[in-house]
Amino acid sequence: TQLLEQSPQFLSIQEGENLTVYCNSSSVFSSLQWYRQEPGEGPVLLVTVVTGGEVKKLKRLTFQFGDARKDSSLHITAAQPGDTGLYLCAGEAGGSYIPTFGRGTSLIVHP
Amino acid sequence: NAGVTQTPKFQVLKTGQSMTLQCAQDMNHNSMYWYRQDPGMGLRLIYYSASEGTTDKGEVPNGYNVSRLNKREFSLRLESAAPSQTSVYFCASRSGGNYNEQFFGPGTRLTVL
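The listed protein sequences derive, respectively, from chains R and G. Taking the numbering used here, the leading residue of the first sequence gets 426, the next gets one more, and so forth. Taking the numbering used here, the leading residue of the second sequence gets -19, the next gets one more, and so forth.
Take a look at the structure:
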């Protein structure tokens, strides 16, 4: 069974602070997705990373895939209240129809 | 495009009652999924359908059945609801690309008394 461990589980910060969320596994993934879920809604895809060492930026969000494709991080610069939500990572082993989801990091950004 | 739609949005059942959760997608995706989300447990896969005409069990299939009615629709049935099935249920479809990018519906919040 492939597992994805996310840390921290909870994060409560002030507007303007920076933060990093981690997603770690002992398994190698062919691709990894990050999703954000707002209260009362379904997860929404933010990004997919596929190459070891890859860095992708989405405005103030920076996503990195580890060189060995076993881990990933999400860094948010100057967090805003609109960033509040549950951040989920999901990994896919090559050829599988079934993603492995982490349990998520719940982020609250206070104004 | 509506994406992935789910009905109902909220439901309260009594123990032993049955119900069907409906899901439809208009993105022409082949694969569809049903998950449940519980506090601290993340998303757990109940059943999935890799393509029209096929269904397979996921991590937590007990107490549920599914029907892939056609390419667009994938329903989840609770034959005899139990309090342990109180949860938020999400349907998702998978894009046709090389990566497992999933598109989720808004969810159904189910309470079983």
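Glycine included, each C-beta is placed from N, C-alpha and C at the ideal position. Everything numeric in this text was worked out from a predicted model, so none of it was measured.
- CA-CA distance, Ile501/R to Phe(-10)/G, rounds to 33 Å.
- Taking 7 Å as the cut-off, the Cβ atoms of Tyr512/R and Val446/R count as close.
- Residue state for Gly516/R is assigned as strand, using DSSP reduced to three classes.
- When DSSP states are grouped into helix, strand and coil, Ser55/G belongs to the strand group.
- Listed along the chain, the chain G residues whose CB falls inside 8 Å of the CB of Val534/R amount to none; the nearest CB is some 21 Å away.
- In the three-state scheme derived from DSSP, where H, G and I count as helix and E and B as strand, Gly507/R is classed as helix.
- Annotation note: the stretch 1 to 33 of chain G contains no uninterrupted alpha helix (DSSP H) run of length 4 or greater.
- Within the model, the alpha-carbon separation for Leu25/G versus Thr525/R is close to 9 Å.
- With fewer than 16 other Cβ atoms from the protein chains shown falling within 10 Å of its own Cβ, Ser452/R counts as exposed.
- Scanning Pro506/R, Leu486/R, Gln434/R, Ser456/R for the CA closest to the CA of Leu499/R turns up Leu486/R.
- About 7 Å separates the Cβ atoms of Gln458/R and Asn80/G, confirming a contact at the 8 Å cut-off.
- At the C-beta level, Val534/R and Asp508/R come within 7 Å of one another.
- Boundaries of the beta strand (DSSP E) around Leu483/R: 480 to 483.
- Identification of residues in the stretch 500 to 533 of chain R having a C-beta nearer than 8 Å to some C-beta of chain G yields Leu513, Ala515, Glu517, Ser521, Tyr522, Ile523, Pro524, Phe526, Gly527, Arg528, Gly529, given in sequence order.
- Within its own chain, the residues whose Cβ lies closer than 6 Å to the Cβ of Thr0/G, once the five positions on either side in sequence are excluded, are Ser55, Arg57, listed in chain order.
- Rounded to whole angstroms, the separation of the alpha carbons of Phe488/R and Thr35/G is 34 Å.
- Counting only residues of its own chain and dropping the five nearest sequence neighbours on each side, Gln(-3)/G has a CB closer than 6 Å to the CB of Ala61.
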